[in-house]
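Before any comments, here is the structure.
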Amino acid sequence: MPTSRELEEQLSAVVSIIDHAKSFLVVAHASPDGDAVGSTLAMGLLLEQLGKHVCFYNQDPVPYNFQFLPGADRWTTELGAEESFDVTIMLDCAERDRIGTSFPKNGWGKKVVVIDHHKTWDPSFADAYLRDVDAAATGELLFRLVSCMGSLSTEIAQNLYCCMMTDTGSFRYSNTSRTAFRIAGELVEAGADAWHMTSHIYEDQPRSRLDLLCRVLATLAMSPCGRLAFLRVEQSMFDDAGGTSEMTDGFINYARSIRGVEVATQLREAGPDTWRISFRSRGKVDVSSLAAKFGGGGHHNAAGCEMHGTWAEVQQRLSEALVELLGD
Ligand SMILES: [Mn+2]
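Have a look at this one:
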């Protein structure tokens, strides 16, 4: 955890790099969530406000429920081979691999800035890091940056509100600090409307998402001790129910919400014998360290990785690792 002095130093290093550059690539992790989308758009809009040239890039498209956000129409999943940038700003992740395998080599600008709040990080490749694992969202760090160098327009405020709301589980998780509430209050003052944001993000889902949820909940399995719950998303479910993989975001919370469950795990089929694993902890177990063991990463209570094998093999390996972490 950086001291406020260290954070100020990190901030001024980032401000100085931005001041001295003209063209920017803004990118967040692949399979972007609300914080990744909101921080990409807020960062891009801030840079445009400062008169910079910006490319809003991600390997993956904006999920259906974030497409209403101001600036979402600028999002691109293609980068021209001839394009180059003074600075690449990487958001909501601090490891190269997280931005996905189709990130083009020429996507890297002459300088790289990382703005992030994840525990796992690679300290070796960026020119400047603005990192605070105690920030509720990457949007919280961007709020500081906007306060330093720009003005909080309604468009930026809406994007930052999306970051704060989604990464705190609608202001319910343990990262919902006094600071998070204070910033949310300022964002509301700047024009972010709570119900407008909620109704687009959580209450405008396609019927197919619920059809998918029915199928996924039917796979619920519990460990004999009752502290572990598993859900599984198979490719065939999308064929039956319709919908897309981004729609499974949030399903895992049903598994964690069961009385007695300490860790919920979701296996999502990503290819033959390949599974994207998500973990949600109630707080006792640091799932980011577990994910790191399997080549992934994340936060104390929310993390992920990729694993290979049949679902039964993967689930067995994870059960053993988790039981060991939980102790008796
Ligand atoms: Mn985040």
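Quick note on this note's numbering: the sequence shown kicks off at 26 and runs consecutively.
Just so it is clear, CB atoms sit at the ideal spot from N, CA and C, and this is done for glycine as well.
For a test of the three-state rule: what should DSSP assign to residue i, helix, strand or coil?
| i | result |
| --- | --- |
| residue 330 | strand |
| residue 59 | helix |
| residue 191 | helix |
| residue 323 | strand |
| residue 141 | strand |
| residue 163 | helix |
| residue 318 | helix |
| residue 344 | helix |
| residue 196 | coil |
| residue 294 | strand |
| residue 176 | coil |
| residue 233 | helix |
With distance defined between alpha-carbon atoms, name the residue in the options nearest to residue i.
| i | options | result |
| --- | --- | --- |
| residue 291 | 41, 309, 330, 187 | 330 |
| residue 222 | 68, 91, 152, 30 | 91 |
| residue 207 | 231, 225, 169, 117 | 169 |
| residue 230 | 295, 80, 269 | 269 |
| residue 105 | 240, 38, 95, 133 | 133 |
| residue 55 | 335, 86, 32, 33 | 86 |
| residue 334 | 205, 352, 272, 297 | 297 |
| residue 300 | 339, 279, 326, 285 | 339 |
| residue 59 | 153, 271, 37 | 271 |
| residue 72 | 62, 51, 82, 61 | 51 |
| residue 325 | 227, 33, 160 | 160 |
Distance check for residue j and residue i, CA to CA, integer angstroms please.
| i | j | result |
| --- | --- | --- |
| residue 138 | residue 322 | 20 Å |
| residue 121 | residue 303 | 19 Å |
| residue 125 | residue 84 | 7 Å |
| residue 45 | residue 175 | 15 Å |
| residue 64 | residue 343 | 32 Å |
| residue 157 | residue 265 | 42 Å |
| residue 31 | residue 142 | 15 Å |
| residue 308 | residue 249 | 20 Å |
| residue 152 | residue 241 | 43 Å |
Assuming residue i and residue j make a contact with CB atoms under 8 Å, what is their CB distance in whole Å?
| i | j | result |
| --- | --- | --- |
| residue 129 | residue 88 | About 22 Å separates the two Cβ atoms, so there is no contact after all. |
| residue 164 | residue 188 | 2 Å |
| residue 215 | residue 182 | 4 Å |
| residue 310 | residue 245 | At roughly 19 Å, the Cβ-Cβ gap does not stay under 8 Å, so residue 310 and residue 245 are not in contact. |
So with Cβ pairs under 8 Å, would you call residue i a contact of chain B?
| i | result |
| --- | --- |
| residue 267 | No chain B appears in the structure shown, which is made up of a single protein chain. |
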